[in-house]
Amino acid sequence: MSQLTFTVNGIKVYGNRHEPLLTQLEKAGIKPEYQCRNGICGACRCKLISGSVTQQDALAFIAPNEILSCCSIPQQNIEVHFDYQLNTEHQATKTKIAL
């Protein structure tokens with residue numbers, strides 16, 4: 001299993017190519033907003049700054065360069081930005097591991 005690096009609002013998270021981004025962020029102690037977990041509500045929308053993801057079919061509207069973290073699986077190192085301050089379990093830590 002190859003390890004990927006995600007930069008999320010300036011926080012580095014290590015993850016994989018097998019799970020949705022939202023799941024991996026939660027495992028690392030980062031808590032983005034979400035409601036449905038299946039691409040219908042759009043609450044987990046974020047901007048994809050760099051890198052690529054495979055996004056499963058979703059009903060929520062997303063603008064160009066936006067992804068839904070609940071149904072996007074990172075394919076390489078990515079940088080994303082949520083338009084709000086994320087809740088984290090450990091505010092002082094800048095690197096988190098989601099493996």
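The sequence shown begins at 1 in UniProt numbering and counts up by one.
All C-beta atoms in this analysis are idealised placements derived from N, C-alpha and C, irrespective of residue type, glycine included.
Keep in mind that this is a model prediction, so the values were computed, not measured.
{"Check": "Can you tell me whether L68 is helix, strand or coil according to DSSP?", "Outcome": "strand"}
{"Check": "Check whether the Cβ atoms of A60 and L68 sit closer than 8 Å, and answer yes or no.", "Outcome": "yes"}
{"Check": "Per DSSP, what kind of secondary structure is N33 in: helix, strand or coil?", "Outcome": "In the sequence on display, residue 33 carries Glu and not Asn. E33 falls in the coil class under three-state DSSP."}
{"Check": "Nearest to I73 by CA position, among Q85, N38, K31, is which residue?", "Outcome": "N38"}
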